[in-house]
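The letter at position 152 of the sequence shown is residue 143 when you use the working numbering, and the numbering goes up by one with no holes.
Everything on this sheet refers to the single structure shown next.
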Amino acid sequence: GKKRDCPVWERDHTVDSAIKNSVVWFFQRMASAIGRERELDELRAFHYGSTTFKGDVTQFWLNGDLTITPIEQVAFLQQMFSYKLPVDRRHIDTVKAALTMPRGKLLNAAGVHDFPLKWPDDTIVRVKTGNGNVDGFRVSWLVGSLETGGRQYVCASRARSASALENTAGADLAVRVLNTLKP
-8 GKKRDCPVWE RDHTVDSAIK NSVVWFFQRM ASAIGREREL DELRAFHYGS
42 TTFKGDVTQF WLNGDLTITP IEQVAFLQQM FSYKLPVDRR HIDTVKAALT
92 MPRGKLLNAA GVHDFPLKWP DDTIVRVKTG NGNVDGFRVS WLVGSLETGG
142 RQYVCASRAR SASALENTAG ADLAVRVLNT LKP
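Next up, the structure:
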C-alpha cells in the first residue's frame, strides 16, 4: 500500500520474488527482524567481506558500511554454491532457485533486461545485480554462477563511476568478459 521507488516493489513478495526484483524494503524488514547482533554473527560465520558494519541494520549492505571486494565475493560464492556455508542445504537451494534467470534475460528492480551470454544452450545462469552510491561513486555489480556441462563457474563484476552509471553496468561488464571465455 505504499508508493515505492520501483513499481514492482508495490506488492507482496516472497523470498524468490524479492531476490529477483531486488526488493529493498523486503530485506530491510528481514534485517530488522534478524537484528544487529545476529546479522553480525552470520557475517562472521560466513567470513563475508569486512564481516562488520557500524550503521543501521537496515542499510549496511546499501551504503558501503559492509565492504567486500569482487575477489572476496567470488570466494564467498564458491562456498555458497558448493554448500560449504554453515546453512541448511535447503536454504541455499531456495536462494539458488531465486537467482536462476530466464535464458538470455536478467531480472532486477528496473525490470527485465537482455543478458546476451554466448555460452552453450544448457547453461544455467544464477545471478544477482545491485546498484548504489558508495563514497561518492556510483556502483553497479553482478554476482553469481553459471553452470554448464556439469561444471560450475562463479563470477563477480563491479563497475564504478564518479558520474552517472547505467543500472545494468555491472551486468553489461560481466557479459562482455564472460563472452570472451570458453567454458
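Here a beta-carbon is modelled for each residue, glycine too, at the ideal position from N, C-alpha and C.
Only a predicted model underlies this, so the values are computations on that prediction, with no experimental measurement involved.
Which residue from the options puts its Cα closest to that of residue i?
{"i": "LEU172", "options": "ALA153, LEU156, THR139", "result": "THR139"}
{"i": "PHE106", "options": "ALA150, THR60, THR159", "result": "THR159"}
{"i": "VAL116", "options": "PRO77, GLY127, ALA36, VAL166", "result": "VAL166"}
{"i": "MET21", "options": "ASP79, GLY40, MET92, VAL48", "result": "VAL48"}
{"i": "THR114", "options": "HIS82, THR91, GLU30", "result": "THR91"}
{"i": "GLU157", "options": "ALA147, GLY123, LEU137, GLN143", "result": "GLY123"}
{"i": "SER152", "options": "GLY127, PHE37, VAL15", "result": "GLY127"}
{"i": "SER136", "options": "VAL15, TYR39, VAL86", "result": "VAL86"}
Is the CB-CB distance between residue i and residue j below 8 Å?
{"i": "LEU34", "j": "THR42", "result": "yes"}
{"i": "LEU108", "j": "LEU169", "result": "yes"}
{"i": "ALA101", "j": "ILE10", "result": "no"}
{"i": "ARG129", "j": "PRO61", "result": "no"}
{"i": "LEU57", "j": "PHE44", "result": "yes"}
{"i": "PRO174", "j": "ARG142", "result": "yes"}
For residue i, count the other beta carbons within 10 Å of its own beta carbon; 16 or more makes it buried, fewer makes it exposed. Which is it?
{"i": "ASP112", "result": "exposed"}
{"i": "GLU28", "result": "exposed"}
{"i": "ASP163", "result": "buried"}
{"i": "VAL118", "result": "buried"}
{"i": "GLY95", "result": "exposed"}
{"i": "GLU1", "result": "exposed"}
{"i": "SER23", "result": "exposed"}
{"i": "ILE25", "result": "exposed"}
{"i": "THR5", "result": "exposed"}
Is there at least one Cβ from chain B nearer than 8 Å to residue i's Cβ?
{"i": "TRP0", "result": "As a matter of chain content, chain B is missing from the structure shown, which is built from one protein chain."}
Between which two residues does the beta strand (DSSP E) containing residue i stretch?
{"i": "PHE128", "result": "128 to 139"}
{"i": "HIS104", "result": "102 to 105"}
{"i": "ARG219", "result": "Only positions -8 to 174 of the chain appear in the structure, and residue 219 is not among them; the question remains open."}
{"i": "SER148", "result": "142 to 152"}
Could you round the C-beta distance between residue i and residue j to whole angstroms and report it? I think they count as a contact, below 8 Å.
{"i": "GLY55", "j": "VAL125", "result": "3 Å"}
{"i": "ALA147", "j": "GLN64", "result": "4 Å"}
{"i": "PHE13", "j": "GLY161", "result": "The question names Phe, but residue 13 is Ser in the sequence shown. That pair is no contact at about 12 Å."}
{"i": "ARG80", "j": "TYR74", "result": "6 Å"}
Along the chain, where does the alpha helix (DSSP H) containing residue i start, and where does it finish?
{"i": "LEU90", "result": "80 to 90"}
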